[in-house]
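Colleague:
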Amino acid sequence: MASKQQPRADLDSPWKEALDLFLAPFLSLFYPSIHAEIDWERGYEILDKELLRISQAARVGRRLADKLFKVWLRDGQEAWLLIHIEVQGRKEPGFTERMFIYSYRIYDRYRKPVVSLAVLCDDDPDWRPDRFGYERWGSSHDFRFLMVKLIDLRSDEAALESNRNVFAPIVLAQLKASETRRTPDERRRWKVRLVKGLYDRGLSAEKVRQLFRLIDWMMELPKDQELEFRAEIDRFEEDRKMPYVTSVERLAREEGERDGWEKGQKEGLREGILLALEVKFGEASHRLLAKIQAIQDVNSLQAVAHAIKSARNLDEMERVVG
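Going left to right, the sequence shown walks through residues 35 to 356 as this note's numbering numbers them.
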């Protein structure tokens, strides 16, 4: 009997990296009318720092996979795209309010109109949020955003698998990761199938590695299944004489080194934050210890460290920490 597969704790990061790398294919797949109006020759800017300032102030609960981009339209105008990915596989309370808060805070701070997009990865076919509003005594507000649900693509997975858009295998990896939470052997089979499919797309070795990394990240396997997966990909690459990913062992080592470096960076940031808080606010700052230790995102820790300088009291810091 297949052992129960434990879901990966970090569900957001693969999507964030996928959007950074493949924003144009993402929009082409899900929002083709938006994609058609953007001048892709000018590229795009990733506005992580701007989004951090907003999320620090918004205090809207658990952070999702949020990304903010600046693009340029074919008529020369600038546009900002706010993309929310709900990756937890369940309805998110307060999701529409969150979309509204982020949109108006960006406009309030930067005076930039924002196009808000949402991608929902849950399994509830009836949960389709696309607006937030309120009305009383003739005064009203109606905020609307664009939304897609990944489960709508399950009805024709063959078309998704054959789609030449490079974002399609990422979407299929997310769908199959969700479907195979408790069947790691089935997950391994799909992971092998998706990775092998990358070689038939006429992609560069670098693109194959980028997509492999994302699929590998989304479709985590138990150790025994992972070893079997690697062996099968090794044999496949030898037969094809296309050693793009074998490198699976090398990539695994690099991933381990990167994770070790990030772990050290996070520990260093936490220690620096706690020391700075104690210097500025004394032993009373110890009440924030548990919350700071619980922060796993490097960018969030950096935002906390940056906020210490201007914080007037511990209550302000507590609001930043969340």
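The C-beta atom is built at its ideal place from N, Cα and C for all residues, glycine as well.
Bear in mind that the values here come from a model prediction, so they are computed numbers and not experimental data.
Nearest-angstrom Cα distance between residue 270 and residue 218?
Modeller: Taking the sequence shown and counting its residues from 1, one reaches residue 270 at position 236. Taking the sequence shown and counting its residues from 1, one reaches residue 218 at position 184. Rounded to the nearest angstrom, the two C-alpha atoms are 21 Å apart.
Colleague: Tell me whether residue 309 is buried or exposed, calling it buried when 16 or more other Cβ atoms sit within 10 Å of its Cβ.
Modeller: Your numbering for residue 309 matches position 275 in the sequence shown. Flag for residue 309 reads exposed.
Colleague: Considering only residues of the same chain and omitting the five flanking positions on each side of residue 104, which have a CB-CB separation below 7 Å?
Modeller: The residue given as residue 104 occupies position 70 in the sequence shown. Within the same chain, residue 104 has close Cβ partners 78, 79, 81, 112, 114.
Colleague: Our contact map puts residue 204 next to residue 52 with C-beta atoms below 8 Å; I'd like the distance itself, whole angstroms only.
Modeller: Counting from one through the sequence shown, the residue named residue 204 turns up at place 170. Counting from one through the sequence shown, the residue named residue 52 turns up at place 18. Right, the Cβ-Cβ distance comes to about 5 Å (below 8 Å), so this counts as a contact.
Colleague: Pick helix, strand or coil for residue 251, following the three-state DSSP scheme.
Modeller: What you label residue 251 is simply residue 217 of the sequence shown in a count that begins at 1. Helix at residue 251.
Colleague: Pick out whichever of 106, 153, 83 has its Cα sitting closest to the Cα of residue 63.
Modeller: As a working note, residue 63 is residue 29 in the sequence shown. Residue 153 is the option with its Cα nearest to residue 63.
Colleague: Which residues in the same chain have their Cβ closer than 6 Å to the Cβ of residue 126, if we skip the five residues on either side of it in sequence?
Modeller: Locating residue 126 in the sequence shown gives position 92, where the first residue counts as 1. Excluding residues within five positions, the ones whose Cβ falls inside 6 Å are 120.
Colleague: By DSSP, does residue 245 sit in helix, in strand, or in coil?
Modeller: Along the sequence shown, one-based indexing puts residue 245 at 211. Three-state result, residue 245: helix.
Colleague: Give me the Cβ distance between residue 71 and residue 116, rounded to the nearest whole Å; I'm assuming they're in contact under 8 Å.
Modeller: Counting from 1 along the sequence shown, the entry for residue 71 is found at position 37. Counting from 1 along the sequence shown, the entry for residue 116 is found at position 82. Actually they do not touch by this definition, with Cβ atoms about 17 Å apart.
Colleague: Tell me the start and end of each unbroken beta strand (DSSP E) in the segment 95–150 that is at least 3 residues and wholly inside, in chain order.
Modeller: DSSP runs (the beta strand (DSSP E)) wholly in the segment 95–150: 99–106, 112–120.
Colleague: The beta strand (DSSP E) spanning residue 174 covers which residue range?
Modeller: Taking the sequence shown and counting its residues from 1, one reaches residue 174 at position 140. That run of the beta strand (DSSP E) goes 173–178.
Colleague: Can we say the segment 187–203 touches the segment 156–163, given the rule of at least three CB pairs closer than 8 Å?
Modeller: Judged by Cβ distances under 8 Å, the segment 187–203 makes no contact with the segment 156–163, as fewer than three pairs qualify.
Colleague: Tell me the rounded alpha-carbon separation between residue 49 and residue 247.
Modeller: Here the question's residue 49 lines up with position 15 in the sequence shown. Here the question's residue 247 lines up with position 213 in the sequence shown. Cα to Cα, residue 49 sits roughly 12 Å from residue 247.
Colleague: With residue 88 and residue 136 assumed to form a contact (beta carbons below 8 Å), what rounded beta-carbon distance in angstroms separates them?
Modeller: Walking along the sequence shown from the start, residue 88 turns up at place 54. Walking along the sequence shown from the start, residue 136 turns up at place 102. That belief holds up - the Cβ atoms of residue 88 and residue 136 are roughly 6 Å apart, short of 8 Å.
Colleague: From the DSSP output, which residues share a beta bridge with residue 181?
Modeller: If you number the sequence shown from 1, residue 181 lands on position 147. Answer is 152, bridged to residue 181.
Colleague: Start and end of the alpha helix (DSSP H) containing residue 167?
Modeller: As a first step, residue 167 is located in the sequence shown; it is residue number 133 there, counting from the start. That residue, residue 167, is in no alpha helix (DSSP H); its beta strand (DSSP E) goes 165–170.
Colleague: Would residue 118 be called buried (16 or more neighbouring beta carbons within 10 Å of its own) or exposed?
Modeller: What you label residue 118 is simply residue 84 of the sequence shown in a count that begins at 1. Burial call: buried.
Colleague: Can you pull the DSSP bridge partners for residue 79?
Modeller: As a working note, residue 79 is residue 45 in the sequence shown. Residue 79 pairs with 104.
Colleague: For the segment 247–258 and the segment 219–237, state whether three or more C-beta atom pairs, one from each stretch, are separated by less than 8 Å.
Modeller: Yes, the segment 247–258 touches the segment 219–237.
Colleague: Is it right to say residue 350 is buried, meaning 16 or more other beta carbons lie within 10 angstroms of its own, or is it exposed?
Modeller: Numbered from 1 along the sequence shown, position 316 holds the residue referred to as residue 350. It is exposed - the Cβ of residue 350 has fewer than 16 other Cβ atoms within 10 Å.
Colleague: If I follow the unbroken alpha helix (DSSP H) through residue 55, where does it start and stop?
Modeller: Sequence index remark: in the sequence shown, residue 55 carries index 21 (1-based). Where residue 55 is concerned, the enclosing alpha helix (DSSP H) stretches over 46–55.
Colleague: For residue 304, which residues in the same chain have their Cβ closer than 7 Å to its Cβ, ignoring the five residues on either side in sequence?
Modeller: The residue you call residue 304 lines up with position 270 of the sequence shown. These residues qualify, in order along the chain: 326, 327, 335.
Colleague: Who are the near neighbours of residue 329 in its chain, counting only those whose CB is closer than 6 Å to its CB and skipping five residues on each side?
Modeller: Within the sequence shown, residue 329 is the residue found at index 295, counting from 1. Excluding residues within five positions, the ones whose Cβ falls inside 6 Å are 335.
Colleague: From the DSSP output, which residues share a beta bridge with residue 72?
Modeller: For the purposes of this step, residue 72 is taken as the residue at position 38 of the sequence shown. Beta-bridge pairing links residue 72 to 107.
Colleague: Which residues bound the alpha helix (DSSP H) around residue 327?
Modeller: The residue given as residue 327 occupies position 293 in the sequence shown. It spans 323–328 - the alpha helix (DSSP H) in which residue 327 sits, taken as one unbroken run.
Colleague: Skipping 5 residues on each side, what residues in its chain have a beta carbon closer than 7 Å to that of residue 55?
Modeller: For the purposes of this step, residue 55 is taken as residue 21 along the sequence shown, with counting starting at 1. Closer than 7 Å at the Cβ level, and outside the excluded window around residue 55, lie 244.
Colleague: So residue 200 and residue 59 are in contact, right, with Cβ under 8 Å, and what is the actual spacing, rounded?
Modeller: Residue 200 sits at position 166 when you count from the first residue of the sequence shown. Residue 59 sits at position 25 when you count from the first residue of the sequence shown. Contact holds; Cβ gap of about 5 Å.
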